[in-house]
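Here the structure is laid out as C-alpha cells; the discussion comes afterwards.
Number of protein chains: 2
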Amino acid sequence: MATPSIKEVARQAGVSVGTVSNFLNRPSIVAPATRKRVQESIDALGFVRNEAARHLRAGKSRTVGLVVLDVTNPFFTDLAEGAEALAYAHDTVVMLCNSKTDPVREGHHLDQLEQQRVMGILITPFDSRDPRLTALVDRGTPVVLVDRTADRGLCSVSVDDQLGGRLAGNHLIEAGHRRIAFIGGPFTMQQVADRKEGITAVVEESGEVDLRFYEVDVMGAVQGRAVGERIAALPARSRPTAAFLANDLLALGFLQAMAAAGLRVPRDMAIVGYDDIDFAGAAAVPLSSVRQPAELLGRTAMELLQEEVESAERHRHRQVIFQPDLIVRDSSDHQRRR
Amino acid sequence: MATPSIKEVARQAGVSVGTVSNFLNRPSIVAPATRKRVQESIDALGFVRNEAARHLRAGKSRTVGLVVLDVTNPFFTDLAEGAEALAYAHDTVVMLCNSKTDPVREGHHLDQLEQQRVMGILITPFDSRDPRLTALVDRGTPVVLVDRTADRGLCSVSVDDQLGGRLAGNHLIEAGHRRIAFIGGPFTMQQVADRKEGITAVVEESGEVDLRFYEVDVMGAVQGRAVGERIAALPARSRPTAAFLANDLLALGFLQAMAAAGLRVPRDMAIVGYDDIDFAGAAAVPLSSVRQPAELLGRTAMELLQEEVESAERHRHRQVIFQPDLIVRDSSDHQRRR
DNA sequence: CCCGGTGATTTAGACGATTCAAATCGACCT
DNA sequence: AGGTCGATTTGAATCGTCTAAATCACCGGG
Numbered sequence: 001m002a003t004p005s006i007k008e009v010a011r012q013a014g015v016s017v018g019t020v021s022n023f024l025n026r027p028s029i030v031a032p033a034t035r036k037r038v039q040e041s042i043d044a045l046g047f048v049r050n051e052a053a054r055h056l057r058a059g060k061s062r063t064v065g066l067v068v069l070d071v072t073n074p075f076f077t078d079l080a081e082g083a084e085a086l087a088y089a090h091d092t093v094v095m096l097c098n099s100k101t102d103p104v105r106e107g108h109h110l111d112q113l114e115q116q117r118v119m120g121i122l123i124t125p126f127d128s129r130d131p132r133l134t135a136l137v138d139r140g141t142p143v144v145l146v147d148r149t150a151d152r153g154l155c156s157v158s159v160d161d162q163l164g165g166r167l168a169g170n171h172l173i174e175a176g177h178r179r180i181a182f183i184g185g186p187f188t189m190q191q192v193a194d195r196k197e198g199i200t201a202v203v204e205e206s207g208e209v210d211l212r213f214y215e216v217d218v219m220g221a222v223q224g225r226a227v228g229e230r231i232a233a234l235p236a237r238s239r240p241t242a243a244f245l246a247n248d249l250l251a252l253g254f255l256q257a258m259a260a261a262g263l264r265v266p267r268d269m270a271i272v273g274y275d276d277i278d279f280a281g282a283a284a285v286p287l288s289s290v291r292q293p294a295e296l297l298g299r300t301a302m303e304l305l306q307e308e309v310e311s312a313e314r315h316r317h318r319q320v321i322f323q324p325d326l327i328v329r330d331s332s333d334h335q336r337r338r
Numbered sequence: 339m340a341t342p343s344i345k346e347v348a349r350q351a352g353v354s355v356g357t358v359s360n361f362l363n364r365p366s367i368v369a370p371a372t373r374k375r376v377q378e379s380i381d382a383l384g385f386v387r388n389e390a391a392r393h394l395r396a397g398k399s400r401t402v403g404l405v406v407l408d409v410t411n412p413f414f415t416d417l418a419e420g421a422e423a424l425a426y427a428h429d430t431v432v433m434l435c436n437s438k439t440d441p442v443r444e445g446h447h448l449d450q451l452e453q454q455r456v457m458g459i460l461i462t463p464f465d466s467r468d469p470r471l472t473a474l475v476d477r478g479t480p481v482v483l484v485d486r487t488a489d490r491g492l493c494s495v496s497v498d499d500q501l502g503g504r505l506a507g508n509h510l511i512e513a514g515h516r517r518i519a520f521i522g523g524p525f526t527m528q529q530v531a532d533r534k535e536g537i538t539a540v541v542e543e544s545g546e547v548d549l550r551f552y553e554v555d556v557m558g559a560v561q562g563r564a565v566g567e568r569i570a571a572l573p574a575r576s577r578p579t580a581a582f583l584a585n586d587l588l589a590l591g592f593l594q595a596m597a598a599a600g601l602r603v604p605r606d607m608a609i610v611g612y613d614d615i616d617f618a619g620a621a622a623v624p625l626s627s628v629r630q631p632a633e634l635l636g637r638t639a640m641e642l643l644q645e646e647v648e649s650a651e652r653h654r655h656r657q658v659i660f661q662p663d664l665i666v667r668d669s670s671d672h673q674r675r676r
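Residue numbers (the working numbering), protein chains in the order written: chain C, 1 to 338; chain B, 339 to 676.
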C-alpha cells in the first residue's frame, strides 16, 4: 500500500500519465471533464506529489537552506520569518539549520544542503571566508551572506555593525560614562569585531574613556549572566559604569546578574544591548538596544537569492547594507528612570 | 559547468557508473587501484551526491521532519538536539519546522514534508487529533507524537503533565498559598490542559484554595509579562500570592512584570514555571520549575521512529511516558530567600 | 470526400543513482 | 589446453515526474 504515483492515478482515471502531469502543472489545457475525473482519482487514492522525482527531473530544487548561528535568538527567528514569507510567495520551502556558532555543525549542514541540491543558501557563517563555503559557491550553489558583508563575488545583506558600535558608544560617552565594558564573542566573528571596532573608534576619539573587553564563546543569556557576575564582583571604584553587549540575550543575562548582585540599572550600571528583540523592551528594566531590521534582512536576502537564481548568468552580486538605530530605554537613561 | 554526475566521474576515471556507485556504497568490493582512481576523479571534479536521485531510486528518504511549536523556546531546541544526535548517528538529517502554535503553518509544513516523502515526522501537534495528521498517517508516513500522549495507533513520547501540575500545586499549597493563578494557553492544547487539570485536582483535594485561570494565545515571555502586569494591578488583598505558569518563557516574562511593578518574589508572589530551561536557573530570581527531560524526549522519539521504520509491519506502537521533577529555587521558596 | 486546423491526449525519452544478474579477467589446477 | 573459482566490473532496468513532439478525433471549408 505504498503511496500511489502519478501512474496509478492515470490508470484509475483512465488517462495517460502525461495528462495527469498536465493536470498538475497546466490544468488549463486539460478538458474540464478529464480534469474532474483526474481530480477524483487523486482524492480517492490520496495521491501526493513526489518532490524528489520532480526535483530530479527539473534539475533544480524548490528548497532554500537557511543556516543561522542560534535559532533560540529571536533576531534569527525574525530573520527566518522574513525569508519564509517571501519563500512562501514563490512556492519554495525554507530549511532551517542551526549551526550553534559551531563550524563543524555548520559544515555538516552545508554538506547536507549541497547534497540536496538546494536552490540556494542563506547563511550567517561563522567565518565568511571559510574555504568550504568558497568551494560550495564555486561548485555552483548560490549563496547569500546574511548579517555579514561579502567582500568577494557574493551577495550579502547586512547592517552597518561599526555604526551600531559607534551609536552605542557615543550614547554612553555622552551620558558621562568613563569606564565601559564591551562584551561579546567570539571576537573573530565579523559582526562582533565590527561592533567592537565601532565603539573602540569613538572611545579613542573621545580620549578619556577606559574601554575593557570581555569575550564569550557563545552569545546567550547564560554567558551574559556569568560575565555580569564577574563584573559585579569588582570593587565599585574600578568597575565599569556601563556595558555594551553584542546581543540582547547576553544583555538580558547581564541585566539579571546586576539585579541579583543588587546593582541598580542604570544608576550603577548602564546597559545597551544589540538586536532589539521583542523581549528587550519587556525586560524588568526595559533595555536600550541597537535595532537591526531582522525581518527585512531575511526578506532582502531571499530576494537577492531569487534574483540570482532567476537571472543566472547576467547576475551582478550586490551587497546591501542597512543602517541600525539606537533605541534608548531605561537601562541606559538616567532621565527616564524614575 | 553544472554539478558533475556519477557518469562524468565514471568517464574521467575510465570505469563504469556501476563501479563508481559501488565505490560510494560498498567500497570494500572495489579493487584498491580502482578505488584510488575513482577517488581522484571525484576530488578533481568536485562531485557531490545527488540526494534527490538516491531518494527516488531507494524509495525512501533519509530526512526526518521535526515540527515544534516554538523554536525560540529552549525546551524545543534541547529536544531537537536530542533528536539530531541520534539522527546523526543513523546518517539521517533532521528538518526543523516551526509551527509557531499556528495550525495553518503546521499544516503547511506537514504538506511539504509529505511531498518530500520524509522517512518520518516527529511532531508536537497543535491538536493531536487533527484529521490532517490522521490522514497523513493513513497514507503511510510514520509519525511520532512528541510531548503529547497518543491515544490511538501512534507512538508517542511524553511527560506526565498532570503529575507536573500536581507537583507544582502541592508545593505551593504546602507553602501556605491560598490564592493561586494558573497561566498558560491555549487551554485546548493537551499539555496545557493536563497541567491545569493536575493543579486543579490537588487544589480541589485541599479544599480551601482559590485557583484562577489566565489564558494566553502563545506562551512567550511577552505574553507572560502582559498577564503579570494585569495581576500586579490587582489590589493586594485579592491578588494571588502565587502563580504557576505553563512554561518558563511565560514565567520569565511574568517575573519581570513583578519586578517592574515593585512586587517582591517570592514574598509577594511565588512563581513556579515549567520546562526548567537553562535560563530559568539564571534568572534575576532563580526560577522554580517543573523539569522535563527535553533532550531525552527528543532522543527517545527518534528512537521510536527508527524502530518503526526498520521493523515496518511487525511494529507495535508504544507510548513512552516520563516523569517530571519539581526543581525548587528561590522564586517559590521563602526559606531560601534572604 | 479530402485537407488543414484546432484542441486534447498520448508517447517516449530524460534526470542521477542504485542494484543485480551477467560478463570479464586472472590465476590456478589438472 | 581446458576448466573452475573468485574477484571485479559492466550494462541495463528502475524509481516518479516532466516536457517536447507526435498522435488522434473532430469540424468546417473547399
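In this text, a Cβ means the ideal position worked out from N, Cα and C, and glycines have one as well.
Given a cut-off of 9 Å on the beta-carbon distance, is the pair L133(C) and G65(C) in contact? no
Secondary structure at M269(C), three-state DSSP: helix, strand or coil? coil
What is the DSSP secondary structure of N25(C), reduced to helix, strand or coil? helix
Out of A396(B), A513(B), D555(B), state which residue places its alpha-carbon closest to the alpha-carbon of I521(B). D555(B)
Just to confirm before moving on: does the CB-CB distance between G224(C) and L79(C) stay below 9 Å? no
Quick check for students: name the residue ranges of the alpha helix (DSSP H) that lie wholly in the segment 8-96 of chain C, counting only runs of 4 or more. 17-25, 32-45, 51-58, 74-89
So C155(C) and E308(C) are in contact, right, with Cβ under 8 Å, and what is the actual spacing, rounded? 6 Å
Any beta carbon from chain B within less than 9 Å of F23(C)'s own beta carbon? no
Between the C-alpha atoms of V547(B) and V610(B), what's the straight-line distance to the nearest angstrom? 17 Å
Spatial distance of D50(C) from Q500(B) (CA atoms): In the sequence as presented, Asp is not what sits at residue 50(C); that position holds Asn. For N50(C) and Q500(B), the distance between alpha carbons rounds to 41 Å.
At a Cβ cut of 8 Å, what residues of the segment 118-149 of chain C count as close to chain B, listed as they run along the chain? A135, D138, R139, G140
From Q624(B) to L250(C), what does the alpha carbon distance come to, in whole angstroms? Looking at the sequence shown, residue 624(B) is not Gln but Pro. Looking at the two C-alpha atoms, the distance is approximately 17 Å.
Is the beta carbon of V376(B) less than 9 Å from the beta carbon of V386(B)? no
Member of K345(B), A608(B), R455(B) whose CA lies at the smallest distance from the CA of H393(B): R455(B)
Please list, in chain order, the residues of the segment 237-250 of chain C that have any C-beta partner in chain B closer than 8 Å. none
On the DSSP bridge list, what partners appear for D210(C)? R179(C)
F244(C), buried or exposed, once every other Cβ within 10 Å from all chains shown has been counted against 16: buried
Applying the 10 Å Cβ sphere with the 16-neighbour rule, what's the burial state of V481(B)? buried
I'd like the span of the beta strand (DSSP E) that includes I511(B), first residue to last. That residue, I511(B), is in no beta strand (DSSP E); its alpha helix (DSSP H) goes 499-512.
Anything in chain C within Cβ reach of L394(B), meaning under 7 Å, just list it in chain order. A52, A53, L56
Would you kindly check if the distance between the Cβ of R602(B) and the Cβ of P578(B) is under 9 Å? no
D91(C) versus G164(C): straight-line alpha-carbon distance, rounded: 35 Å
Please list the partners that V409(B) has in chain C, where partner means a Cβ-to-Cβ separation under 7 Å. V71, T77
Any idea what DSSP makes of A639(B), helix, strand or coil? helix
Cross-strand partners of Q657(B) (DSSP beta bridge): S494(B)
CB-CB under 7 Å to A260(C), same chain, minus the five flanking residues each way: which ones, in chain order? none
When we look at the beta-carbon of P32(C) and count the other beta-carbons within 10 Å, is it buried (16 or more) or exposed? exposed
Looking only at C-alpha atoms, which of A519(B), P631(B), S627(B) sits nearest to D576(B)? According to the sequence shown, residue 576(B) is Ser rather than Asp. Of the candidates A519(B), P631(B), S627(B), the one whose C-alpha sits nearest the C-alpha of S576(B) is A519(B).
If we count the other Cβ atoms within 10 Å of its Cβ and call it buried at 16 or more, is N363(B) buried or exposed? exposed
Let me check understanding here. Comparing Cα to Cα, which of F75(C), T149(C), A87(C) lies closest to G220(C)? F75(C)
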